[in-house]
Each structure stands twice: as C-alpha cells, then as structure tokens.
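See structure below.
Chains as they are written, first to last, in the UniProt record's numbering: chain B, 1 to 436; chain P, 1 to 290; chain S, 1 to 276.
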C-alpha cells in the first residue's frame with residue numbers, strides 16, 4: 001500500500017516535470033455523459049499522439065447539471081472551460097450575446113460544407129458558425145414488428161397520427177402488460193414539451209404568431225393536446241406522467257411498448273444488447289396529419305468555445321479533431337459503424353458500410369425532413385422545432401410542461417391546462433418585453 | 001459561578017465562530033437582497049434595472065405559491081414526525097443489549113451515507129416505478145394493481161424518501177443521548193417495579209428532550225431548503241402537486257435562469273424559515289436549558 | 001451496562017432489532033446487489049435475485065471511465081478538512097455557551113442556525129461570483145471553507161448539546177483543584193465529551209461527503225469530489241441503474257468503513273464515561 005502510493009506520487013511528480021518541459025497547454029472540456037462522449041474519452045490516445053502539446057481535462061456531467069454549470073460559467077465570465085458541450089437551443093442565444101468564438105476559420109480539411117444543412121443552419125448566426133456538431137438526432141417511430149404482424153397490420157414508412165392511434169389500439173393488451181404506445185410525459189422543456197411541441201407542428205399549432213402572441217388558446221393546440229391525452233390514457237402505460245426518455249427506453253426494451261416515438265439515437269439502444277426485443281424493432285418516420293409537417297424534431301450536441309477561454313487555439317484544434325471525418329473513421333475502426341456518432345455529416349451517409357446500419361436511412365430522412373427555420377404550418381417569428389430559441393423558453397417550456405403533465409395525470413382537463421398555459425406564457429412574454 | 005475573567009474568556013471563545021458565520025451570512029444575504037429588486041436574467045445581461053417589488057409580487061401571485069408553502073411545511077412536518085418517532089423507537093431497540101450491536105448500528109445509519117440524488121434515484125427507479133419497481137412486483141405478486149406512487153401520491157412519496165434519508169440522523173443523535181443515561185437509574189426503577197412503559201415515559205423520555213429538540217431544530221433547517229429529492233423524482237409534479245418553495249426557487253434560478261426572481265424567492269424562504277424557527281423556539285426553547 | 005435480563009428477552013429484542021435494521025438497510029443493500037447485475041437484469045421484471053446475470057463489468061467500466069482516485073482524494077480532503085477546521089472553531093464556542101451561558105446564549109445559537117436558512121439555489125450566483133472574485137473557485141481550500149461554514153452551526157449545536165450533558169459539578173471539582181481553563185477543557189471536559197465529539201465528527205464528515213450542490217457548482221476539475229463523479233454516471237441516455245449503483249457503492253464504501261471504525265470509537269468513549 002505505502003509502496004504503491006509512493007510509486008504513484010513519484011509517477012505524478014515525473015509526469016509533472018515532463019509536462020513542464022513540453023510547454024503543454026491544458027484545456028478543460030465540459031461534456032455530457034452520453035455514450036458518444038464517453039466513447040470519445042476512450043479514444044483520446046489518437047488525439048494525444050497527434051497533438052502531444054495539448055492535454056485535455058474532462059468534466060463529464062449529467063445533462064441538467066452540465067447545462068447549469070456551463071451557463072453559470074459563461075454568463076458570469078468565469079472562464080473555467082475551454083470547450084463546452086451545448087445543444088442547438090443554446091447556440092443561437094449565446095452567439096447573439098457574443099459569448100462564443102466563431103469557428104469560421106477551421107482548416108479546409110474540416111469541410112464545413114459536409115455538415116448536414118439542417119444542422120448547420122441552426123448553428124450559424126449572421127453567417128458565422130459558432131459550434132461544431134458532434135452528433136445530431138431527429139425523432140421517429142420505433143415499433144414492434146412482431147406485435148404488428150400478430151395484429152395483421154403493417155406500418156407504412158410515413159404513418160399518420162390516425163394510423164398511430166389505430167395501431168396503438170390493436171397492440172394494447174393490458175393483461176400481458178403491453179401498451180400500444182409509450183410517449184414522454186415527464187415535465188420539462190427538453191422532456192414532454194420537446195415531444196409535444198414537435199407533435200403540435202404536425203397539427204398546425206405554434207407557440208407564437210408573428211407578433212409573439214401565445215397561441216395555446218387556438219384550436220390547433222386543443223386538438224394536439226386532446227389527441228395526446230386520449231392516446232396516452234387509452235393505450236399508454238400507467239404512471240406515464242413521470243416517464244421521460246430513459247423510462248420509456250426501459251419499458252420498450254422490456255417489450256412493454258408497441259410503439260415509441262422518440263429520439264433517433266434510441267435506435268441503437270433498442271436494437272442493442274440490453275434490449276429483449278432487439279430483433280423485432282422496425283422504424284418509421286414521425287407521424288403527420290396531412291398538413292405538410294411531420295412531428296419530428298431536430299437536436300444536436302455541439303462543441304463550442306466560450307469567448308472567455310484563454311486557450312482558444314488549442315480548443316479549436318481539439319474541436320477539429322473531435323468532429324471531423326477522420327474521427328468518424330476512427331470510431332468505426334475501433335468500435336464498429338453502428339457506434340459512429342450519427343447525424344452530422346453527409347459523407348457518413350454516403351458511406352456504403354454505414355448504409356448497412358439498420359437505422360441509418362431513417363435517421364437521415366428524419367433529419368432532412370426537419371426545418372428549424374420554418375417549423376410549423378403557419379409562419380412563426382422564432383427558430384426551433386421542439387423549442388423556441390429565445391432565452392425565456394427553458395423556464396416557460398418547463399412550466400407549461402408541468403401543466404400538461406398534470407393533465408396527463410388526470411388532475412386537469414385539457415381546456416384547463418391550455419387556459420393556464422396561455423395565461424402563463426402571455427404573462428412571461430409581457431414581462432420579458434416581447435409584447436409592449 | 002462565572003467570574004469576570006471566565007466571562008471574558010468565554011466571549012473570546014465564541015467570537016471566531018460568530019465572526020465567520022456573520023460574514024458567511026451577511027455577504028450573500030446582502031447580494032440576494034440587492035438582486036431581488038433587480039431585473040437580472042443570466043441569458044439577457046444587456047437588460048437590467050430596478051424592478052421594485054415585482055419579483056416578490058410574482059412569487060406571491062404565482063398559482064402554485066400557496067400550495068408550495070403548504071407542501072414545504074408538509075414535507076418538514078411529515079419527515080420530522082416520522083424520523084423523531086421512529087428514531088426514538090429504533091434507538092431504544094438498539095440500545096438494548098442485543099447481539100451484534102456494532103453491525104446493527106452501521107446498518108441503521110447506512111442510509112445517511114448515500115448521496116441524496118442517488119438515494120432519490122434508487123427509490124424512484126428500483127422501488128417506486130410502476131412497471132419496473134420492487135413495490136410493483138410485490139403488488140403484482142399479491143394480485144393487486146401497482147400503486148402509482150409518484151403520480152398519485154407524489155408528496156407522500158417524497159416525504160417517505162426524505163424520511164428514510166434522515167432517519168439515521170435522528171437515530172444516531174438520540175442513541176448517543178440515550179447512552180449517556182446512567183444505567184443505575186434505570187435498574188433502580190426496574191427493581192422498584194416500574195413497567196417498561198413507565199421507565200420510558202418518566203426516565204428515558206425526559207432525558208431525551210434536549211436531544212429531540214436539537215434533532216427537530218436541525219432537521220427543520222435542512223428540510224426547509226430541500227429540493228434535490230423533488231428534482232430527481234417528481235420534478236415538482238404532476239402539475240405542482242409536489243412543488244415546494246425551494247423547488248420553485250430552483251426552477252427560477254436553474255431552469256429559467258432568472259436570478260432576480262430566485263433571489264426574491266430566497267428572501268421569502270428566509271422569512272418563512274424565521275417564522276417557523278420563532279414558533280419552534282417558543283415551543284421548544286426551554287428544553288435546551290434543562 | 002449490566003442490566004440483568006432474561007436470555008429469552010435478549011433473543012427477542014435481538015431478532016426485532018435485526019429485522020428493523022435490515023428493513024432500513026434494504027435499499028442500500030439492493031443498490032449494492034444491483035451494482036453487480038447487467039443493465040438489462042437490473043430493470044428486469046419481476047426483479048431478479050437468484051436468476052440475475054451477475055457481472056463485475058460495471059465496476060470495471062466505472063473505474064476505466066473516470067479518475068476515481070482523484071475524486072476520492074478531493075472528497076477526503078474536503079470532508080476531513082472542513083470537519084477538523086469546524087471542530088477547531090466550534091469546540092471553544094460550544095464550551096463557552098454550555099458552561100458560561102449568558103442571557104443571549106439561546107438567541108445566539110438560534111441565530112447561528114438561521115445562517116442556514118437561505119436555500120442554496122437562491123444564493124448560487126452571488127456565491128459563484130464571490131468565489132470567482134476571491135480566486136477560490138475550483139480550489140480545495142474554497143470548498144473546505146464553504147462546507148465548514150455550512151456545517152459550523154450544526155457542529156456547534158451538537159457539541160453544545162453533548163457538553164450540556166456533562167455534570168457541572170465535575171467542572172467545579174476540577175476548578176477547586178486549581179485547574180486552569182485550558183487544563184479544564186483538555187483534561188476534564190474533552191475526554192468526557194469524546195463520544196459526543198466523535199458522533200459530531202462522523203455526522204459532519206458524512207454531511208460534507210454527501211453535499212452535492214455546492215461541491216458540483218463550485219468546481220470543475222481540480223477540486224471536484226465524489227459528488228461530481230456520481231453526476232457523471234446519473235441519467236445519461238440509455239440504461240444506467242447498474243452503473244450508477246456501482247459508482248454509488250464506490251462513493252459510499254469509504255465512508256461506510258469510516259463509520260464502522262467510529263462506531264468502535266463511540267463505544268470506547270462510552271465505557272470511558274461509564275467508568276467515571
């Protein structure tokens with residue numbers, strides 16, 4: 001014990017001397033604890049070999065805690081981080097505050113044009129790219145082929161909401177604990193409201209009209225919420241008001257859901273080793289209502305450099321390494337094509353090897369059919385599909401999410417919920433100065 | 001018994017703790033008070049200015065405010081009741097000469113070692129979950145429908161989880177106090193033919209009053225500020241069914257990033273805590289002198 | 001401690017005590033069991049005990065994914081440092097308040113507790129700003145100070161209570177013998193107060209060890225303790241209960257062992273007290 005401890009201390013001391021001699025730059029990278037990011041930390045040998053002068057310190061945190069820490073740091077000018085992992089919601093807001101460093105000067109080999117246009121558009125403000133996407137996702141229908149077959153049904157590639165209701169009814173069997181459809185019910189702007197806002201687009205609803213007037217009193221929202229509540233009450237699992245992504249993933253993997261409409265990234269989990277239904281899973285586009293918009297969202301985790309960083313050059317070098325084509329090839333070589341971070345580059349989807357991954361095509365089609373600048377049937381003053389890219393949204397979205405979650409738990413009618421949402425959002429928008 | 005010099009010495013001995021605590025309290029309090037009258041949202045720093053008492057009004061007019069106040073008090077009261085009663089009983093039981101006392105004590109205080117977010121996550125997912133939880137399996141085994149803990153009884157569930165976390169604290173303090181009770185006194189009472197209930201009522205309980213008072217006061221202060229368990233399990237829902245005052249503040253500070261409103265909520269929380277503390281001291285204060 | 005009771009009753013109370021203890025301990029036990037299951041087995045329904053697929057992979061994974069020793073060392077330094085510093089400041093204060101009480105002692109005690117009344121989230125930004133300004137952000141000394149101040153009222157309160165248990169006559173006697181204030185504290189009071197001090201120490205080490213808001217908010221890499229380590233394993237996308245259980249077991253094991261040893265310390269202190 002003492003010996004090994006001493007050896008350890010000795011090693012640290014030597015390492016310290018060694019690093020001093022190399023004039024190493026240490027950068028701190030704040031990141032979310034999802035599978036792709038953890039995988040990257042396992043592949044750091046490649047980076048260290050290519051850039052021995054840059055040492056990377058990781059801060060890996062759960063999504064909500066990460067968001068809390070990086071937002072505090074950037075808003076107070078703390079300068080603790082050199083690279084931050086942020087989502088497509090934050091990028092345009094932070095860029096407008098001049099909190100992020102432009103990435104327009106990445107080397108030509110980076111090939112910015114290769115990044116999927118739908119994703120790149122959301123990360124560009126006034127012609128400047130402010131964040132490099134690490135992985136992108138949309139949402140889609142995941143369903144049980146065996147249950148559909150048993151009910152004598154086939155899933156179209158592009159189902160309507162009416163189809164979904166019909167299939168859900170057919171697959172529900174409460175005696176065996178199989179529920180036709182599992183959807184998010186847990187309150188939060190990134191939980192149930194991500195799903196419901198995206199869904200509402202396909203019903204022709206929108207958060208605001210062109211003058212920032214809240215639209216929850218409109219019939220489109222009423223039909224969205226009624227449809228959702230009816231679907232979940234009749235064919236959803238009990239206690240759904242507390243189900244988020246992970247809870248539904250668990251249920252689906254245990255064979256308790258006929259369908260699950262959620263992030264495309266879930267495809268690799270439901271067909272993975274922890275799933276009891278892996279060989280029975282099929283995929284389809286998110287449903288529509290014949291109005292020209294589908295209920296799928298668009299999200300990307302991206303790497304950005306805060307303006308307060310003192311080591312922006314080293315940070316850029318790291319971002320280049322972490323999000324360029326070579327990195328995708330590196331993951332494929334070490335972990336197989338199915339584990340390559342999806343949804344960022346056109347070239348990945350041109351790759352014949354990657355095309356063999358069962359959910360590759362559906363993911364690309366879903367992402368391509370999403371248009372953050374024009375999310376709903378009617379015109380809107382905001383950018384974002386499952387969110388509204390204004391600073392006030394995270395707070396409002398979460399409170400509205402709570403109201404809708406209460407409606408799902410049966411504590412409120414849909415009319416009461418919508419009236420409350422309307423009043424709340426109107427107040428907040430006035431307080432924030434959007435409405436004079 | 002105190003001479004002039006001991007008084008002076010005792011003042012000097014109290015001074016450092018008073019001094020550091022004063023700075024620790026005053027600086028954040030002053031800043032919070034200042035922010036509570038300001039427009040200060042992290043994501044729109046270019047907009048700022050005085051807003052008067054708007055943030056306070058916002059809190060008092062929020063539809064869930066009074067519910068949240070009630071929930072806060074229910075959480076404090078419920079957890080106190082469970083931990084003090086069960087804590088006393090468990091301390092009594094373990095204080096008996098039983099086999100493996102050391103191991104027993106460790107088992108009983110073990111919940112306190114688990115980090116609160118983890119404890120809440122374990123209860124939510126491995127016990128209370130309506131499809132995967134142990135309780136659901138138990139219910140199904142008995143041929144019953146699983147109870148939807150977090151949907152139908154959100155506040156009781158949160159109280160239950162928090163009580164489980166704090167039970168060891170109460171038990172440990174009460175046990176330590178019990179062990180300082182002289183066994184001669186109890187033996188004498190036993191020889192005089194006092195029943196075990198009488199021994200508890202007239203010897204043990206009076207001996208424990210100060211410890212119980214301390215448990216109540218310390219736990220109250222901790223419990224008045226709790227939000228992590230709610231954030232992990234119910235997110236204050238469904239709706240606002242399990243929203244407490246600290247959780248309301250959490251939502252403003254962390255999710256909406258409205259520092260001004262959060263500050264006003266903090267001041268309201270301090271006022272509430274002072275009121276609670278005032279009544280506690282009036283009711284229990286004399287126990288401290290004993 | 002030598003109360004005469006029948007062997008029968010002793011066995012009954014033993015059984016009752018063990019049942020109660022196991023019920024209370026069960027969730028922790030279940031967490032440890034879960035940490036040795038595969039992720040799929042951890043959420044299987046009905047819950048698996050004997051049919052589960054066992055693995056130590058979760059531990060290997062957690063170990064490989066993060067620098068556990070560094071988080072661990074930070075936790076030790078912060079928890080022990082803040083407790084010792086807190087005791088150094090609190091023992092004299094609690095002594096003075098317990099044995100030389102003034103009219104304002106109770107108010108003072110209550111005021112100390114009131115410094116904990118502000119909910120942490122409400123002062124997050126003020127404190128972050130203060131820590132940045134003082135250069136204490138992401139430093140161990142910063143966290144030692146913050147947690148010490150946070151727990152100081154609790155330390156004082158607990159010590160005050162335990163000191164109050166000590167009969168004043170003993171102190172009188174010592175004073176009659178001509179013992180000075182310092183000697184009185186060191187040779188008379190402290191030995192008698194050891195169980196109380198040990199119990200206070202243990203509780204405060206635990207409180208500091210488990211603090212999961214400030215220790216995450218005020219650190220990034222250098223000073224991050226086990227709470228940050230846990231935050232990197234909770235709620236990622238995908239199943240995580242087994243890995244979270246493993247990480248959590250690794251976080252509580254050291255302090256559980258400490259608890260075990262301090263139990264012995266508590267008992268030793270007690271017998272010492274009984275001999276008096």
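Beta carbons: idealized from backbone N, C-alpha and C, even for Gly.
Out of 139(B), 50(B), 93(B), which has the shortest C-alpha to C-alpha gap to residue 126(B)?
93(B)
Length of the line joining the Cα atoms of residue 300(B) and residue 322(B):
14 Å
Start and end residues, alpha helix (DSSP H) containing residue 55(B)
That residue, residue 55(B), is in no alpha helix (DSSP H); its beta strand (DSSP E) goes 54-61.
Secondary structure at residue 125(B), three-state DSSP: helix, strand or coil?
strand
What are the residues in the stretch 240-261 of chain B lying within 7 Å of chain P by C-beta distance?
241, 242, 250, 251, 256
Contacts of residue 323(B) in chain P (Cβ-Cβ under 9 Å):
Near residue 323(B) there are no residues of chain P at all, since even the closest Cβ is about 25 Å away, more than 9 Å.
Just the C-alpha distance for residue 325(B) and residue 119(B), rounded to the nearest angstrom, thanks.
16 Å
Per the contact definition of three or more C-beta pairs closer than 8 Å, is the stretch 229-236 of chain B in contact with the stretch 175-185 of chain B?
yes
Just checking, does the stretch 36-54 of chain S make contact with the stretch 220-234 of chain S on the three C-beta pairs under 8 Å criterion?
no
Between the Cα of residue 210(B) and those of 408(B), 30(B), 376(B), spot the shortest distance and give me the residue it belongs to.
376(B)
Would the stretch 54-62 of chain S count as touching the stretch 196-216 of chain S if we require 3 or more Cβ pairs under 8 Å?
no
Between residue 33(P) and residue 257(P), is the Cβ-Cβ spacing less than 8 Å?
no
Name the residue from 55(S), 252(S), 96(S), 257(S) whose alpha carbon lies nearest to the alpha carbon of residue 171(S).
96(S)
Short CB-CB distance (under 8 Å) between residue 132(P) and chain S:
yes
CB contact check: residue 38(B) to chain S, cutoff 8 Å:
yes
Is residue 235(P) close to chain B, meaning its C-beta is less than 8 Å from at least one C-beta of that chain?
yes
What are the boundary residues of the beta strand (DSSP E) that includes residue 262(B)?
257-263
Where in the stretch 126-162 of chain S do unbroken runs of the alpha helix (DSSP H), each at least 4 residues long, occur, reported from the N-terminal end onward?
none
So that I know if they touch, is there some Cβ in chain S lying closer than 8 Å to that of residue 176(P)?
yes
Do the CB positions of residue 224(S) and residue 71(S) come within less than 8 Å of each other?
yes
Could you tell me how far apart the beta carbons of residue 426(B) and residue 222(B) are, in whole angstroms, since I believe they sit closer than 8 Å?
Actually they do not touch by this definition, with Cβ atoms about 17 Å apart.
DSSP three-state assignment for residue 88(B), whether helix, strand or coil:
coil
Span of the alpha helix (DSSP H) holding residue 34(S)?
7-35
Can you give me the Cβ contacts of residue 207(B) inside the same chain, cut-off strictly under 6 Å, excluding the 5 residues immediately before and after it?
388
Please tell me whether residue 212(B) has its Cβ less than 8 Å away from any Cβ of chain P.
no
Do residue 260(P) and residue 38(P) count as a contact pair if the criterion is CB distance below 8 Å?
yes
Which residue's Cα is closest to the Cα of residue 21(P): 120(S), 104(S), 102(S), 145(S)?
145(S)
By the criterion of Cβ-Cβ separation under 8 Å, what are the contact partners of residue 75(B) in chain P?
42, 43, 45, 257
Might you give, ordered along the chain, the residues of its own chain that have their beta carbon closer than 6 Å to the beta carbon of residue 263(B), omitting 5 neighbours on each side?
137, 139
Pull the bridge partners of residue 398(B) from the DSSP assignment, please.
BP columns for residue 398(B) are empty, so no partner.
Does DSSP put residue 383(B) in a helix, in a strand, or in coil?
coil
Note down, one range per segment and in chain order, each alpha helix (DSSP H) of at least 4 residues found wholly within the stretch 42-92 of chain P.
54-61
Since residue 141(B) contacts residue 342(B) with CB under 8 Å, what's their CB separation in whole angstroms?
With a Cβ gap of about 17 Å, residue 141(B) and residue 342(B) do not count as contacting.
According to DSSP, what are the bridge partners of residue 284(B)?
141(B)
Cβ of residue 287(P) less than 8 Å from any chain S Cβ?
no
Check whether the stretch 79-98 of chain S and the stretch 191-204 of chain S touch, using three or more Cβ-Cβ pairs below 8 Å as the test.
yes
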